[in-house]
Structures are given as structure tokens and as C-alpha cells.
Amino acid sequence: MLNRVILIGRLTRDPELRYTPSGVAVTQFTLAVDRPFSSQSGEREADFIPVVTWRQLAETCANYLRKGRLTAVEGRIQVRNYDNNEGKRVYVTEIVADNVRFLESNRDSGGTRDDMGGGYGGGAPAPSNNSQPRGGGSNYSRGQAADPFSDDGKPIDISDDDLPF
Numbered sequence: 014m015l016n017r018v019i020l021i022g023r024l025t026r027d028p029e030l031r032y033t034p035s036g037v038a039v040t041q042f043t044l045a046v047d048r049p050f051s052s053q054s055g056e057r058e059a060d061f062i063p064v065v066t067w068r069q070l071a072e073t074c075a076n077y078l079r080k081g082r083l084t085a086v087e088g089r090i091q092v093r094n095y096d097n098n099e100g101k102r103v104y105v106t107e108i109v110a111d112n113v114r115f116l117e118s119n120r121d122s123g124g125t126r127d128d129m130g131g132g133y134g135g136g137a138p139a140p141s142n143n144s145q146p147r148g149g150g151s152n153y154s155r156g157q158a159a160d161p162f163s164d165d166g167k168p169i170d171i172s173d174d175d176l177p178f
């Protein structure tokens, strides 16, 4: 049996970080995912899908994701239920994410950090403010390859002309 989901969408609000009584971090946010077709009136519709992350991934998402940010989420669908204050059973369908990719740099969405799409899964270390941007530039000297990580987290000057897309 297989329960795998991959979604790409934009956050509808900043993630909410909370901690369980035992100290485990949990973050909730909603992803707006465009439908692949337009309505009869020609308008694009979207689904608003709740996402939950746990532990280190939850803290990373709370620190680096913001409303409107384009994000990819990989995880599983979970359906849970509870009885509300009126004694009525409520069912909740959500995505429990085990991998989240930040698909825009903060520069594109008004932030200051220059991370071009970091992906963080369960147990992955959170990036620091001086982490090496993904993609890097070319650090090769004649005839021999230099260490591409030798800049030790310093910013790399890349223009749009250097990107393949």
C-alpha cells in the first residue's frame, strides 16, 4: 500500500509553531494549490490544504517560511477525528510532511536571506543565516577543480544571465 503526496503551492499565512506537553515541536500551515483547470467563468480555483510538520522540520519551517512563499511539500495524507465542544465528531484531513522545499529565495518574497531552494526533511539541520546558497557559482581554476565550498558561507555573486532557466 502507498500513501505519498507531493504538493506545490503558496502558504496562505505564516506557519504556527507549537510544542506538545512533552516538548516536541509541531508546525501547522495551509498550502494554496492551484487546480489544473479553470472554472466555467474562466477563473482559476485553488485547494487549501492543511499541512503539519514535526520536530526539527517544524522549527525550520516556522523560522524560514512566510505567507505567500512558494513551497513544495512531500508527505502522507492523514485523516484524524475528535469530538468538538458540542459532542459532534469532526474529521480532519491533512498532510503530514516529512520533506519541505523552499522554492523561492527570500529575496523574491521580500526577505533578506539568499537561499535558492533549500530542502529540509526530518532530522535535517536547519540552515543558518550565513549558509551557502544552493547552486553556487563556478570556482574552478585552470586545469584543476577548486573546492566549491571554500567560500565558507560567504555570498556568491550570481546574475540572472548565469542561471540555466
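If you're matching positions, the sequence shown starts at 14 in my numbering and goes up one per residue.
Even for Gly, the Cβ is constructed at its ideal location relative to N, Cα and C.
Keep in mind that this is a model prediction, so the values were computed, not measured.
If you ignore the 5 residues before and after Ala71, its C-beta comes within less than 6 Å of the C-beta of Ala38, Val39 and Thr40, all in its own chain and listed in chain order. In the three-state DSSP reduction, Arg102 falls in the strand class (E or B). Within a 10 Å sphere around the beta-carbon of Gly22 sit 16 or more other beta-carbons, which makes this residue buried.
In the DSSP assignment, Leu70 falls within the alpha helix (DSSP H) that extends over Arg68 to Tyr77.
Spatial neighbours of Leu24 in its own chain (CB-CB distance under 8 Å, excluding positions within 5 residues in sequence) are listed in chain order as Phe42, Thr43, Leu44, Ala45, Leu78, Arg79, Lys80, Gly81, Arg82 and Thr84.
Sequence-distant partners of Thr66 (beyond 5 residues in either direction) whose C-beta falls short of 6 Å from its own C-beta, in its chain, are Thr40, Cys74 and Ala110. In the three-state reduction of the DSSP assignment, Thr40 falls in the strand class.
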